[in-house]
Amino acid sequence: MNLADPLHHLLVSAIRHQEADEIDEARDLYVEILEKNPRHEQALHLGGLLCLQHGEFGGARTLLETAIDVNPNNPAYSNHLGVVSLRENDLDGALELFRRATGMDPTYSEAYFNLGIALRGVDDLEGAAEAISRALENDPDNDRILVWAGVLAHERGDQHAAAELLMRAVELNPTNAEALHQLGDIFVALNSLPDAERCYRTAIDVNPKVAGFHGKLGSVLTQLHRLDEAHRSFEVALSINPDDAALLGGVALVYLEQGEIDKARAHAERALSIDNDSVDGHYSMAMVHRVTGDLQGARVEAARVRELAPDNARYLDGLDI
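Heads up: the sequence shown begins at 42 in the numbering used here, then just goes up one per residue.
1. State buried or exposed for G144, treating a residue as buried only when at least 16 other CB atoms are found within 10 Å of its CB.
2. Starting from N179 and walking both ways along the alpha helix (DSSP H), at which residues does that stretch end?
3. On the three-state DSSP scale, how would you describe G123?
4. Kindly say whether L75, judged by its beta-carbon, lies nearer than 8 Å to any beta-carbon of chain D.
5. Put K250 into one of helix, strand or coil per three-state DSSP.
6. Span of the alpha helix (DSSP H) holding G322?
7. Taking the straight line between their C-alpha atoms, what separation do you get for S54 and L48?
8. Mind checking T263: buried by the 16 CB within 10 Å criterion, or exposed?
9. Could you work out which residue in R209, A194 and A210 is closest to A203 when comparing CA atoms only?
10. For the candidate residues Q59, I74 and E73, whose alpha-carbon lies nearest to that of A67?
11. Rounding to the nearest angstrom, what Cα-Cα distance links R80 and A108 in this structure?
12. From what residue to what residue does the alpha helix (DSSP H) around Y71 run?
13. Looking only at its chain, what residues have a beta carbon closer than 7 Å to the beta carbon of Q200, apart from the 5 residues adjacent to it on each side?
14. Looking only at its chain, what residues have a beta carbon closer than 6 Å to the beta carbon of H255, apart from the 5 residues adjacent to it on each side?
15. Tell me whether L288 is buried or exposed, calling it buried when 16 or more other Cβ atoms sit within 10 Å of its Cβ.
16. Taking Y149 as the reference, which of V251, L90 and N115 has the closest Cα?
17. Which of the three DSSP states, helix, strand or coil, is assigned to H50?
18. Under three-state DSSP, which class holds N353?
19. Exposed or buried, which one is R57 when buried takes at least 16 other CB atoms within 10 Å?
20. Is it the case that the CB of D146 approaches a heavy atom of the ligand FAD more closely than 7 Å?
21. Give the range of the alpha helix (DSSP H) segment to which Y296 is assigned.
22. By alpha-carbon positions, which one of Y241, D133 and D236 ends up nearest to E219?
23. Buried or exposed for N317, going by 16 or more other Cβ atoms inside 10 Å?
24. Tell me the DSSP secondary structure of I149 in three-state form.
25. Here's the rule I'm using: 16 or more other beta-carbon atoms within 10 Å means buried, otherwise exposed. How should D321 be labelled?
26. Between which residues of its own chain and V292 is the CB-CB distance below 6 Å, once the five residues before and five after are set aside?
27. Do you know offhand how far L187's Cα is from H222's?
28. Less than 6 Å between C-beta atoms, sequence neighbours within five positions excluded: which residues of the same chain meet that for L265?
29. Please determine, among A142, L177 and D131, the residue with the shortest C-alpha to C-alpha distance to V163.
30. Go ahead and label V125 buried or exposed: buried means 16 or more other beta carbons lie within 10 angstroms of its beta carbon, across all protein chains shown.
31. Starting from the Cα of E238, find the closest Cα among N155, E270 and A190 and give me that residue.
32. If you draw a straight line from the C-alpha of E171 to the C-alpha of D165, how long is it?
Here it is as structure tokens:
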């Protein structure tokens with residue numbers, strides 16, 4: 042028992058409820074503690090985290106700002122307030138708070154990780170990679186950090202480094218579906234389609250309810266000319282998310298390969314009606330126009346693809362129009 046804190050027993054009970062996801066009970070106890078001591082540092086912090094975890098950003102901000110006022114030297118408070126800013130899409134505010142946290146504790150891996158995510162959000166890929174690298178130095182066996190290190194290596198054009206980082210993440214945690222998914226994307230970029238297929242299938246085994254995993258598998262199977270399997274993958278994906286423009290554009294290409302031009306056109310048009318900035322929608326429509334001999338229409342759609350995805354080799358290589 043913490044004799045210095047007469048509210049310690051309430052705090053312990055609140056934490057237990059919070060860990061058991063008993064939200065109302067935990068919230069009531071934090072409120073009770075703060076009514077008795079409005080500057081109870083741990084209740085402010087943990088209550089702020091409870092609000093953050095459940096999307097109550099205003100409450101989280103109020104509690105965490107008060108925690109910082111009580112103790113400005115705890116880097117966790119600045120880090121978690123930075124996450125609130127990140128969730129509110131205040132990237133400048135988040136960057137300031139994450140830098141404050143890492144300045145207070147140069148070994149604070151989580152704060153460096155969050156700093157990297159925020160820097161990526163402002164398109165500073167070099168700064169993001171450096172921050173994620175610092176996070177990894179302090180927590181080298183964290184598969185989540187490894188995934189993002191791999192994503193950033195991929196986005197910076199170093200596919201082999203990305204593959205190594207993501208394979209290490211999978212070795213550490215074979216059930217990390219996002220690592221498997223991202224590794225599949227790397228293998229697609231390296232044109233190693235059988236390896237990509239294995240990654241996507243394993244990701245689906247881990248989490249079969251993610252439409253994007255089925256869609257990525259369908260895309261690979263289309264490129265491998267296994268069209269019936271591709272069609273089945275897209276059907277599963279669309280049963281999960283029927284209004285996904287990328288999936289509709291993908292299945293349009295399967296129909297096109299199968300010679301069902303009207304169905305291909307209908308799916309491409311639907312994709313663009315849902316999202317007129319869909320790269321997959323414009324790409325599939327370009328292919329429909331090319332097959333039907335409408336070269337002017339194909340060129341218009343191809344130009345839109347190049348505008349939307351100027352660095353996507355797979356799309357650009359297919360646009361020989």
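Cβ coordinates follow ideal geometry from the N, Cα and C atoms, glycine included.
With the structure as the only source:
1. exposed
2. L166 to N179
3. helix
4. Looking at the structure shown, chain D is missing, and only one protein chain is on hand.
5. coil
6. V320 to V332
7. 10 Å
8. buried
9. A194
10. Q59
11. 7 Å
12. I64 to K77
13. I227, A230 and L231
14. S274, V277 and A278
15. buried
16. N115
17. helix
18. coil
19. exposed
20. Questions concerning the ligand FAD fall outside what the structure shown contains, since it holds no ligand whatsoever.
21. A286 to E298
22. Y241
23. exposed
24. The sequence as given places Tyr at residue 149; Ile does not occur at that position. Looking at Y149 - three-state DSSP - the assignment turns out to be coil, as it is neither helix nor strand.
25. buried
26. F275 and H308
27. 13 Å
28. L234
29. D131
30. buried
31. E270
32. 10 Å
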